[in-house]
């Protein structure tokens, strides 16, 4: 992870970033803004990429195909995808989704990639953006997509591929040829396939930062900490943890901003650490008198 430290020597950082508690403004909530829970998501990093034509071309057998993978560190899925073999539009629509290690379908990832060229083309993938969805670290996820019979497009396998560093590719998978979308839980003798289906993960901008970390004195005499982050790709999840132990998570809004309020914090020095699911973090020390 990239770690941007504000600390230096703790004593000096406390001196430099100390903020006197302020009386709470009745309009404080309005000033701090409303979190956008449905951000417009930018394109992310591909969970997996491959070189078309570098392997074998499979048939379309009226079944769900996909691939199994492990999540080594949490990722935020921002789009589902299907490989456009000739980059000229899909012959058919494809129902897709990600299945948890227990075999249950993650509802927010269950979408249909439309036929034709209506879905945006990002590299070799036709994508449909989804509500940002975090996959916790774990083993045995499967991404699958229904692949109807009677198509001429190539179903690639045994290809040269690269995988996102937060993921480990396990194997190509498939379901019985029964004409429905379901978990493709059978493992294949094929290597590096079937594509087919993919997804995109929120990527870092390199500008992720804690812009504000301070305390305010509320009207009831208690203290609240305010932490604002910015610079993220819209839809990336950020988790802020205070040294005092409180923790909150939110998705960056359409401007890449996420704003946090922690109530009932104690007086004295504190530190906010923000971790973005894309793989970077930032810290800032502040003080509550």
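In the numbering used here, the protein residues as written are 489 to 777.
Even for Gly, the Cβ is constructed at its ideal location relative to N, Cα and C.
As the structure is a prediction and not an experimental result, all values here were calculated from the model.
Cα-Cα separation between residue i and residue j, rounded to whole angstroms
i	j	result
residue 553	residue 723	28 angstroms
residue 673	residue 734	39 angstroms
residue 555	residue 601	17 angstroms
residue 620	residue 609	19 angstroms
residue 710	residue 775	14 angstroms
residue 589	residue 769	28 angstroms
residue 613	residue 644	13 angstroms
residue 703	residue 740	22 angstroms
residue 780	residue 701	Within the shown structure, residues of the chain are numbered from 489 to 777, placing residue 780 beyond reach of any answer.
Coil, strand or helix - residue i by DSSP
i	result
residue 567	strand
residue 539	coil
residue 729	strand
residue 552	strand
residue 500	Residue placement at residue 500 is flagged as unreliable, the pLDDT there being 36, under the threshold of 50; a coordinate-derived value is accordingly withheld.
residue 693	coil
residue 710	coil
residue 544	strand
residue 596	helix
residue 614	strand
residue 574	coil
residue 741	coil
Beta-carbon spacing of residue i, residue j below 8 angstroms
i	j	result
residue 646	residue 543	yes
residue 548	residue 638	yes
residue 737	residue 758	no
residue 622	residue 562	yes
residue 597	residue 606	no
residue 559	residue 532	no
DSSP bridge partner residues for residue i (one or two, in chain order)
i	result
residue 579	Residue 579 is not bridged to any residue.
residue 771	761
residue 746	717
Cβ-heavy atom distance, residue i to the ligand GDP, below 7 angstroms
i	result
residue 686	Among the components modelled here there is no ligand, and therefore nothing to report on the ligand GDP.
8 angstroms Cβ cutoff, residue i in contact with chain B
i	result
residue 650	Among the chains of the structure shown, chain B does not appear; only one protein chain is present.
For the region 624-683, list the beta strand (DSSP E) runs that are entirely contained and at least 3 residues long, ordered along the chain.
626-635, 643-645, 649-651, 655-662
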